[in-house]
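A.B. asks:
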Amino acid sequence: MPSVQKIADEIVSREGGFVDHPNDPGGATNFGVTIGTMRRLGVDLDGNGLVDARDVKRLTRAQAVDIFIRFYWELPGINRLPEALQPSVFDMQVNAGANAVRILQRMVGEMGFAATPDGVIGPNTLRAVQAARDAAPDHIADAYAIARRNYYFRLADRNPRLRVFARARSGGKGGWIRRAEEFMHPRYRLTEAQFQRRVASWAG
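Position 105 (the sequence shown) corresponds to 359 in our numbering; numbering is contiguous.
1) Buried or exposed for Arg433, please, with buried defined as at least 16 other CB atoms from any protein chain shown within 10 angstroms of its CB.
2) Using the C-alpha atoms, what's the distance from Val374 back to Ala395?
3) In terms of residue numbering, what span does the alpha helix (DSSP H) encompassing Glu446 cover?
4) The alpha helix (DSSP H) spanning Phe272 covers which residue range?
5) How close, in whole Å, do the beta carbons of Leu299 and Arg312 come, if the pair is a contact with beta carbons under 8 Å?
6) For Thr283, which of helix, strand or coil comes out of DSSP?
7) Which residues mark the beginning and the end of the alpha helix (DSSP H) in which Phe419 is found?
8) Can you tell me which residues form a DSSP beta bridge with Lys427?
9) What residue from Gly425, Val348, Arg408 has the CA that sits closest to Ile323's CA?
10) Tell me which same chain residues have a C-beta within less than 7 Å of the C-beta of Asp263, skipping the five on either side of it?
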């Protein structure tokens, strides 16, 4: 498995630079670090006592990598999961917070290994995830990536404002879907026709 530094650097590359999309509930974001995260951590880069969009713009790539490793890898305990799952769950933790772990907990529960979907990696979750990994060692990473994709689709189904992140302006796969599919074997990725059928109910 790549080092956590390399995984975090890849996440930063995937996230891109400064954006402040009106439909994004996270608000102003730089390298994947939201203004809410910076406020929670007290990252006041211009020293004026406020954390605002100007501080988000000042954030460096190295600072973003450090935040991800400290607060999205080490703090939630992603490093305690089976190695096959670590890159994708880490990436999802950055993208969706504790929902990353809830998705995993629900997935292993559906596989028959009970885990409370509370977003916390505790002893029971670790046992359930390890049992699921042992039951399907060659498929556990694909299963999680598919569960991520389904999560994104459900968000967009419920909230039309979020569809811009699941479907590109061209009508093809949006960033959310491409992101989930990066972590699965190509045979599980949706074809263009399959994607279009999945989003056919979305107007516009």
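Ideal placement from N, C-alpha and C gives every residue a C-beta, glycine not left out.
C.D. replies: To lay it out plainly:
1) buried
2) 19 Å
3) 446-452
4) Premise fails: Phe272 is in no alpha helix (DSSP H) and is neither H nor E.
5) In this structure, Leu299 and Arg312 form a Cβ contact; the two beta carbons are roughly 4 Å apart against a cut-off of 8 Å.
6) If DSSP states are grouped into helix, strand and coil, Thr283 belongs with the strands.
7) Run containing Phe419: 417-420, per the alpha helix (DSSP H) assignment.
8) For Lys427, which the question treats as bridged, DSSP gives the partners Arg421.
9) The alpha carbon of Ile323 has as its nearest neighbour, out of Gly425, Val348, Arg408, the alpha carbon of Val348.
10) Val319
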